[in-house]
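One point on numbering: in the UniProt record's numbering, the residue at position 156 of the sequence shown is 156, and numbering is uninterrupted. Comments concern the structure below.
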Amino acid sequence: MRLTDLLSPERVGIKRTSANDDFDKETAIGLLATMLGEHDGVTTTEIERVLLEREALQSTGIGEGVAIPHGALPQLTEQVAALLIVPAGVEFQAIDDAPVSILFGVIGPKRATGEHLKTLARVSRLLRSKDFRTRLINAESSSKAFELISAEEAEKKGGV
1 MRLTDLLSPE RVGIKRTSAN DDFDKETAIG LLATMLGEHD GVTTTEIERV
51 LLEREALQST GIGEGVAIPH GALPQLTEQV AALLIVPAGV EFQAIDDAPV
101 SILFGVIGPK RATGEHLKTL ARVSRLLRSK DFRTRLINAE SSSKAFELIS
151 AEEAEKKGGV
């Protein structure tokens, strides 16, 4: 499975902020939850709650400007992903204390732990390259960001 199977161009967004915007970690996760959308009777409010609960355990900011907020709910039947790019960065209490510019959210069924972990590993591998992260952050539109991910996965021969 490729990440673009879990994403869609509609679930990729770019949030351009300025220094005086009140855009923080909780706001970013709320926007990510909205982008993930309602599925299988699960509301965006429930998705946001699960993402924030996971975040309260330990930041999903893995360093180098990347966070992978994720969670699981029993009523979901499939995994869904969303990508939020914040070029100016958002404070996220990441492992390296650097602001996060790429938030890759994943939500899925509680019973599919193995697939969920594989997806998180795919995201991590995809975003390992500094050059690729820079191209994503500089994408001029959401559709261009989605195309970048699609091309990167195709280059990796069938997914990362």
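Quick reminder that beta carbons are idealized off the backbone N, C-alpha and C, glycines included. A quick note: this is a predicted structure, and the numbers were derived from the prediction, not measured.
Residues sharing a beta bridge with Gly-63, DSSP = Taking the first residue of the sequence shown as position 1, residue 63 is located at position 63. Per the DSSP secondary-structure output, Gly-63 pairs in a beta bridge with Val-66.
request  = Within its chain, find whatever has a CB closer than 8 Å to the CB of Gly-13; leave out the 5 residues flanking it on each side and keep chain order.
outcome  = Walking along the sequence shown from the start, residue 13 turns up at place 13. Once the five neighbours on either side are set aside, the close Cβ partners of Gly-13 are Leu-31, Met-35, Ala-82, Leu-83, Leu-84, Ile-85, Ser-142.
message = Threshold first: 3 residues or longer. Then list the beta strand (DSSP E) segments lying entirely within the UniProt domain "PTS EIIA type-2" (5-152), N to C.
response = Correct list: 12-14, 61-63, 70-73, 80-90, 100-109.
Close Cβ partners of Glu-38 (< 7 Å) along its chain, the five nearest in sequence each way excluded = By 1-based counting over the sequence shown, the position of residue 38 is 38. Thr-44, listed in sequence order.
message = Could you check if Lys-110 belongs to the surroundings of the ligand GTP, using beta carbon to heavy atom distance under 7 Å?
response = Because no ligand of any kind appears in the structure shown, any question about the ligand GTP cannot be addressed here.
message = Measuring straight from C-alpha to C-alpha, what distance separates Ala-96 and Lys-130?
response = The count along the sequence shown starts at 1 and reaches residue 96 at position 96. The count along the sequence shown starts at 1 and reaches residue 130 at position 130. Reading off the sequence, residue 96 comes out as Asp, not Ala. Whole-angstrom Cα-Cα distance: 15 Å.
request  = Evaluate Gly-65 with the Cβ neighbour count: other Cβ atoms within 10 Å of its Cβ, from every protein chain shown; 16 or more gives buried, anything less gives exposed.
outcome  = Here the question's residue 65 lines up with position 65 in the sequence shown. Buried: at least 16 other Cβ atoms inside 10 Å.
request  = Flag this pair as yes or no: are the beta carbons of Ala-28 and Val-106 separated by less than 8 Å?
outcome  = The residue you call residue 28 lines up with position 28 of the sequence shown. The residue you call residue 106 lines up with position 106 of the sequence shown. Taking 8 Å as the Cβ cut-off, Ala-28 and Val-106 do not qualify as a contacting pair.
request  = Could you tell me if Gly-114 is buried or exposed, where buried requires 16 or more neighbouring beta carbons within 10 angstroms of its beta carbon?
outcome  = Your numbering for residue 114 matches position 114 in the sequence shown. With fewer than 16 Cβ atoms within 10 Å of its Cβ, Gly-114 is classed as exposed.
inquiry  = Could you check whether the Cβ of Gly-105 sits closer than 8 Å to any Cβ belonging to chain D?
reply    = Of the chains in the structure shown, none is chain D; there is only one protein chain.
task = With a 10 Å radius around its C-beta and 16 neighbouring C-beta atoms as the bar for buried, classify Glu-48 as buried or exposed.
result = Within the sequence shown, residue 48 is the residue found at index 48, counting from 1. That one is buried.
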